[in-house]
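This report refers to the structure that appears directly beneath it.
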Ligand code: COA
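In my numbering, the protein residues as written are 467 to 791.
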């Protein structure tokens, strides 16, 4: 099997900033409540004429430039999203066309907040086996399109953005291990009920606000801490490493209290956690990748460092990955 790593990173965050103070005017909430309960100060909101593909394309171009590859060098594009441009075709197809990545197969995957780790793991398999040489892995979301702006339980948490990585064969380091899992029995804790084949769009589904994300946050909180801790333990064990070997943990950014609780359970000190939730909120599949991209850009990840990705989301699903940079 070939050694596989990330050779280029990119991101795109929409310009519009929605602060907690802006939300105070929309729902019964306070800046203080949002910061203390979640760690979020502001989030980005895509414009009406920006779809997920538009965000993804910009992040992808930056990642390709960073990797010094042309779109024609790509063999595969995997786009993790739960807010694609439309149910079909895949948003990855739209990105493939916009980039003129003529030689690339393209597909979307749906694994919510763990989407980027799932997508990275799939890309790794294709490259490790020698089937493909270069893959583009993107996490992109326009959660503002499925946010109920009258529901204070959810609207304060979510944001829009995209991150991308170019994944290729590397000579040293690279992905050391990945661990993915799912517990479908708790799918009702986080979902968007209408718009699929179970409950197709109708006047009734629109009137009853079923096209918005629904979440039972309090119940999810405990499961998130447990699942992310377990996934981190498993993935490190598979890699033959311990928590002391980890230089930086880059977790999914749903709630800073979840992240700090996981780090505490794992015995990882706070200075080894990368957090950008303050600026962006929860961007589902875009969160982990954007955090990784920013950690790299800020010099928090250096050559030879051990980086632990750890994500959890609707499904319920979880995914962790250890990378030697
Ligand atoms: N502003 C002010 N009050 C709010 C509020 C808001 N935006 N949202 C909820 N509240 C209220 C609730 O109505 C509740 O009031 P009550 O006690 O009078 O009923 C109170 O705050 C506490 O609510 P609770 O849900 O227990 O708060 P919490 O501490 O669990 O925080 C979340 C809520 C959503 C921030 C938190 O549970 C969370 O982050 N959950 C996990 C999210 C997650 O992991 N998602 C999956 C991965 S994407």
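Each residue gets a CB set at the ideal place from its N, CA and C atoms; glycine is no exception. Computed from a predicted model, the values in this text were never measured in an experiment.
For this session: Return the CA-CA distance between residue 472 and residue 644, expressed in angstroms with no decimal places.
Result: In a straight line, the C-alpha of residue 472 is about 14 Å away from that of residue 644.
Problem set entry | Near ligand 1: residue 690 beta-carbon under 8 Å from a heavy atom | Answer for residue 690: yes, Cβ within range of ligand 1.
For this session: Since I believe residue 579 is in contact with residue 786 (beta carbons under 8 Å), could you give me their beta-carbon distance rounded to a whole number of angstroms?
Result: Contact between residue 786 and residue 579 does not hold, since their C-beta atoms are separated by about 13 Å, which reaches or exceeds 8 Å.
Problem set entry | Cβ separation of residue 742 and residue 625, assumed to be a contact under 8 Å, to the nearest whole Å | Distance from residue 742 to residue 625 at the Cβ level is roughly 11 Å; contact not present, criterion being Cβ atoms closer than 8 Å.
Exercise. For residue 502, does the three-state DSSP call read helix, strand or coil?
Worked result: In the displayed model, residue 502 falls within a helix according to three-state DSSP.
Exercise. So is the beta-carbon of residue 603 under 8 Å away from any non-hydrogen atom of ligand 1?
Worked result: For ligand 1, not one heavy atom lies less than 8 Å from the Cβ of residue 603.
Exercise. Hey, is residue 648 close to ligand 1, as in C-beta under 8 Å from one of its heavy atoms?
Worked result: Residue 648 Cβ: outside cutoff for every heavy atom of ligand 1.
Exercise. In terms of residues, what are the limits of the beta strand (DSSP E) holding residue 563?
Worked result: Residue range 557-565 is occupied by the alpha helix (DSSP H) that includes residue 563, with no beta strand (DSSP E) assigned at that position.
Exercise. Can you list, in chain order, the stretches of the alpha helix (DSSP H) that have 4 or more residues and sit fully within the region 469-533?
Worked result: Counting whole runs of 4 or more residues, the region 469-533 contains the alpha helix (DSSP H) stretches 486-490, 497-504 and 518-533.
For this session: Please report how far the alpha carbon of residue 604 lies from the alpha carbon of residue 583, in whole angstroms.
Result: Distance between the alpha carbons of residue 604 and residue 583 is about 10 Å.
Problem set entry | Closer than 5 Å: residues whose CB approaches a heavy atom of ligand 1 | That query returns the following residues: 495, 499, 503, 504, 579, 618, 619, 622, 683, 684, 686, 687, 690, 720, 721 and 779.
Problem set entry | Enclosing alpha helix (DSSP H) for residue 756 [first to last residue] | If you look at residue 756, you'll find it in the alpha helix (DSSP H) that goes 751-763.
Problem set entry | Segment limits, beta strand (DSSP E) that includes residue 645 | Residue 645: member of the beta strand (DSSP E) spanning 640-648, first to last residue.
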